[in-house]
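Protein chains in written order, with our numbering: chain A, 1 to 246; chain B, 247 to 492.
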């Protein structure tokens with residue numbers, strides 16, 4: 001058993017290098033904060049995996065809905081909590097609150113555990129049976145279908161995985177996938193629209209030196225994105241983004 | 247007159263997405279923290295420029311010497327202070343201290359002010375005459391010549407300026423230059439060496455969509471790096487990096 005809190009809370013203050021041209025934190029910044037807080041919550045409960053434990057968390061899906069993005073120097077807090085375990089999957093919710101406790105953004109995520117030796121999904125560690133799940137409504141109540149590849153491609157951009165994309169386990173940081181997907185959206189569209197929702201389904205790992213093809217096509221009022229490895233066409237992630245006019 | 251502190255201090259705790267494969271904070275992370283703290287210090291003294299003021303700080307040179315990099319979850323603090331004004335140039339020092347107040351890294355920087363309308367260097371604003379310069383020895387006492395272009399090129403990598411490289415003023419974040427320079431160092435060399443010093447001389451701005459050529463060549467025990475705009479060959483920065491075997 002562990003004695004960490006049911007709901008993990010972290011304060012934040014938006015730093016200069018976390019904002020984009022509009023003066024608001026980027027959605028990548030929200031993704032980074034969530035990743036950090038989720039890791040700290042797991043660490044507080046001693047279920048953060050790692051090399052000694054022989055297993056690691058991997059994110060399978062991430063959805064974020066954005067009401068407004070926090071501004072440069074703005075302070076607020078992030079709340080995250082585990083919301084259930086089903087078979088080999090764990091889910092975790094997140095809310096970003098401003099200083100008046102109004103919700104700025106909220107989301108949900110699904111995770112699996114991989115065996116670090118076999119590099120394959122494995123059962124959730126027994127310690128997780130005791131991880132506390134608070135009685136709290138999930139922020140997002142709709143359950144959209146998983147993002148899939150665009151039907152027709154409008155634009156394609158290539159990226160090469162950098163040393164600076166790698167985390168402590170030599171894995172590409174999840175937020176890099178979000179970055180590659182968003183960069184493929186045409187500048188003129190970005191300037192006239194505000195990002196309201198992202199939905200990422202992670203399919204496979206990429207490694208240092210891979211060339212990643214970030215493709216985008218319209219999907220009704222949304223964009224459908226795919227990230228694939230150029231060398232062999234392996235899908236790395238599918239992403240859906242929703243935008244509204246400025 | 248202003249009433250901010252002589253020496254600005256910020257605590258830090260290394261986050262999961264700020265470390266690289268070795269489990270230590272990247273030097274880019276130190277660069278980001280320094281940029282943030284310098285901005286906060288200027289803001290506390292009301293000399294941070296901005297659109298309303300009509301001027302902005304630009305970094306001309308940055309040197310960082312690294313004794314050790316802080317580890318994931320490690321805490322410490324950053325100290326920064328103004329160290330002098332000469333003509334149109336201001337200088338600022340920085341130290342990164344661990345929880346026992348041992349110095350992990352230290353550095354110096356030189357800044358100028360640009361007129362935001364004419365996009366050209368201008369005189370330092372009069373308010374700066376009152377910015378406090380403490381009696382404190384500079385961390386780095388040697389004065390190496392400015393970095394210059396490599397004599398012979400060993401390797402060249404191309405990068406395209408991303409939306410996510412842009413700051414609130416649509417300028418490319420200084421740390422992006424450091425990132426591009428380091429990525430050009432061959433992986434085999436990086437794995438066998440530790441980065442001990444970076445020295446960046448910023449020459450020109452790059453803008454969204456530019457293709458940047460990051461070239462590197464040996465310079466005795468160091469690497470000489472150049473960053474140039476592919477379209478017209480404009481030098482954007484020269485960088486020198488020093489490494490020691492692991």
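Glycine is no exception: its CB is placed at the ideal position from the N, C-alpha and C atoms.
Span of the alpha helix (DSSP H) around residue 176 of chain A: In the first chain, the residue the question calls residue 176 of chain A occupies position 176. Looking at the DSSP string, the run of the alpha helix (DSSP H) that includes residue 176 of chain A is 174-183.
Using the C-alpha atoms, what's the distance from residue 136 of chain A back to residue 415 of chain B? Along the second chain, one-based indexing puts residue 415 of chain B at 169. Along the first chain, one-based indexing puts residue 136 of chain A at 136. Cα to Cα, the separation comes out at about 40 Å.
Proximity winner among B:379, B:491 and B:361, relative to residue 336 of chain B (alpha-carbon distances): Numbered from its first residue, the second chain carries residue 336 of chain B at position 90. Taking only the C-alpha atoms, the option nearest residue 336 of chain B is B:379.
Which stretch, first to last residue, makes up the beta strand (DSSP E) that contains residue 304 of chain B? Position 58 of the second chain, counted from the start, is the residue given in the question as residue 304 of chain B. From DSSP, the beta strand (DSSP E) with residue 304 of chain B extends over 301-312.
Local conformation of residue 29 of chain A per DSSP, three classes: Position 29 of the first chain holds residue 29 of chain A. Residue state, collapsed to three classes: helix.
Counting only C-beta atoms, is residue 123 of chain A closer than 8 Å to chain B at any point? Residue mapping note: residue 123 of chain A aligns to position 123 of the first chain, counting from 1. By this cut-off, residue 123 of chain A is not an interface position.
Using C-beta distances below 6 Å, list every residue in its chain close to residue 255 of chain B, excluding the 5 sequence neighbours before and after it, in chain order. Here residue 255 of chain B refers to the residue found at position 9 when the second chain is read from its first residue. Contacts found: 323 and 325.
Under a CB-based cut-off of 8 Å, is residue 177 of chain A close to chain B? Within the first chain, residue 177 of chain A is the residue found at index 177, counting from 1. With 8 Å as the cut-off, residue 177 of chain A does not count as an interface residue toward chain B.
Answer yes or no: does any C-beta atom of chain A fall closer than 8 Å to that of residue 410 of chain B? Against the second chain, residue 410 of chain B aligns to sequence position 164. Yes - at least one Cβ of chain A is within 8 Å of the one on residue 410 of chain B.
Whole angstroms are fine: how far does the CA of residue 124 of chain A sit from the CA of residue 117 of chain A? Here residue 117 of chain A is taken as the residue at index 117 of the first chain, counted from 1. Here residue 124 of chain A is taken as the residue at index 124 of the first chain, counted from 1. Rounded to whole angstroms, residue 117 of chain A to residue 124 of chain A spans 15 Å at the Cα level.
What in chain A is Cβ-close to residue 541 of chain B, meaning under 8 Å? In this structure chain B extends from 247 to 492, so residue 541 of chain B is not present and cannot be described.
Looking only at DSSP bridge pairs, what is residue 476 of chain B linked to? As a first step, residue 476 of chain B is located in the second chain; it is residue number 230 there, counting from the start. Answer is none; residue 476 of chain B lacks a bridge partner.
DSSP has residue 36 of chain A in a bridge; who is on the other side? Here residue 36 of chain A is taken as the residue at index 36 of the first chain, counted from 1. Note: residue 36 of chain A sits in no beta bridge, so no partner.
In the DSSP output, which residue or residues are listed as bridge partners for residue 24 of chain A? In the first chain, the residue the question calls residue 24 of chain A occupies position 24. Looking at the DSSP assignment, residue 24 of chain A forms a beta bridge with A:71.
Inspect the beta-carbon positions of residue 26 of chain A and residue 36 of chain A and report whether they are closer than 8 Å. As a position in the first chain, residue 26 of chain A is number 26, starting the count at 1. As a position in the first chain, residue 36 of chain A is number 36, starting the count at 1. Not in contact: residue 26 of chain A and residue 36 of chain A (Cβ atoms no closer than 8 Å).
Decide if the stretch 228-238 of chain A is in contact with the stretch 183-193 of chain A; the criterion is three or more beta carbon pairs, one per stretch, under 8 Å apart. no
Which word fits residue 373 of chain B, buried or exposed, when buried means at least 16 other C-beta atoms lie within 10 angstroms of its C-beta? Residue 373 of chain B sits at position 127 when you count from the first residue of the second chain. With fewer than 16 Cβ atoms within 10 Å of its Cβ, residue 373 of chain B is classed as exposed.
What span of residues does the beta strand (DSSP E) with residue 355 of chain B cover, start to end? Numbered from its first residue, the second chain carries residue 355 of chain B at position 109. Looking at the DSSP string, the run of the beta strand (DSSP E) that includes residue 355 of chain B is 349-361.
Along the chain, which unbroken stretches of the beta strand (DSSP E) at least 3 residues long are found entirely within the stretch 368-448 of chain B? 401-406 and 439-448
Work out the CA separation of residue 389 of chain B and residue 398 of chain B for me, nearest whole Å. As a first step, residue 398 of chain B must be located in the second chain, where it is residue number 152. As a first step, residue 389 of chain B must be located in the second chain, where it is residue number 143. Looking at the two C-alpha atoms, the distance is approximately 24 Å.
Measuring straight from C-alpha to C-alpha, what distance separates residue 485 of chain B and residue 386 of chain B? On the second chain, position 239 is the one that residue 485 of chain B refers to. On the second chain, position 140 is the one that residue 386 of chain B refers to. Straight-line Cα distance between these residues: approximately 17 Å.
Counted within 10 angstroms of its Cβ, other Cβ atoms place residue 102 of chain A as buried (16 or more) or exposed: Taking the first chain and counting its residues from 1, one reaches residue 102 of chain A at position 102. Exposed, because fewer than 16 other Cβ atoms sit within 10 Å of the Cβ of residue 102 of chain A.
Within-8 Å CB hit, residue 418 of chain B to chain A: Looking up residue 418 of chain B in the second chain gives position 172. Chain A contact via Cβ: absent.
Please state the DSSP three-state secondary structure of residue 291 of chain B. Taking the second chain and counting its residues from 1, the one referred to as residue 291 of chain B is at position 45. Three-state DSSP puts residue 291 of chain B in coil, outside helix and strand.
What in chain A is Cβ-close to residue 272 of chain B, meaning under 9 Å? For the purposes of this step, residue 272 of chain B is identified with residue 26 of the second chain, where counting begins at 1. Chain A residues near residue 272 of chain B: 163 and 164.
From the beta carbon of residue 429 of chain B, is the nearest beta carbon of chain A less than 8 Å away? Here residue 429 of chain B is taken as the residue at index 183 of the second chain, counted from 1. Judged by the 8 Å Cβ criterion, residue 429 of chain B is in contact with chain A.
Endpoints, the beta strand (DSSP E) within which residue 235 of chain A is located: To locate residue 235 of chain A, count along the first chain from 1; it is residue 235. Run containing residue 235 of chain A: 235-245, per the beta strand (DSSP E) assignment.
Output needed for residue 131 of chain A: all residues of its chain with C-beta closer than 7 Å, excluding positions within five of it in sequence on either side, in chain order. By 1-based counting over the first chain, the position of residue 131 of chain A is 131. The residues are 45, 47 and 82.
Residue range of the unbroken beta strand (DSSP E) whose run includes residue 90 of chain A: As a position in the first chain, residue 90 of chain A is number 90, starting the count at 1. Its beta strand (DSSP E) spans residues 89-98.
Can you grab the Cα-Cα spacing for the pair residue 435 of chain B / residue 105 of chain A, in whole Å? Residue numbering aside, residue 435 of chain B sits at position 189 when the second chain is read from its first letter. Residue numbering aside, residue 105 of chain A sits at position 105 when the first chain is read from its first letter. Residue 435 of chain B and residue 105 of chain A: Cα-Cα distance of roughly 42 Å.
What does DSSP give as the partner residues of residue 12 of chain A in its beta bridges? As a first step, residue 12 of chain A must be located in the first chain, where it is residue number 12. DSSP lists A:76 as partners of residue 12 of chain A.
Tell me which residues share the same chain as residue 236 of chain A and place their Cβ nearer than 8 Å to its Cβ, disregarding the 5 neighbours each side in the sequence. Stepping through the first chain from its first residue, residue 236 of chain A is reached at position 236. Cβ within range, chain order: 177, 202, 203, 204, 205, 206, 212, 227, 228 and 229.
I'd like the list of long-range same chain contacts for residue 300 of chain B, defined as Cβ closer than 6 Å, with 5 residues on each side in sequence excluded. As a first step, residue 300 of chain B must be located in the second chain, where it is residue number 54. Excluding positions up to five away in sequence, the list reads 362.
Return the chain-ordered list of same chain residues with a C-beta closer than 8 Å to the C-beta of residue 316 of chain B, the five sequence neighbours on each side being excluded. For the purposes of this step, residue 316 of chain B is taken as the residue at position 70 of the second chain. Closer than 8 Å at Cβ, skipping near neighbours: 258, 260, 270, 271, 322, 342, 344 and 350.
What residues are listed by DSSP as bridge partners for residue 329 of chain B? Translated into positions along the second chain, residue 329 of chain B becomes position 83. DSSP lists no partner for residue 329 of chain B.
What is the residue span of the beta strand (DSSP E) that residue 452 of chain B lies within? Within the second chain, the letter at position 206 stands for residue 452 of chain B. Element bounds for residue 452 of chain B: n/a, residue is neither H nor E.
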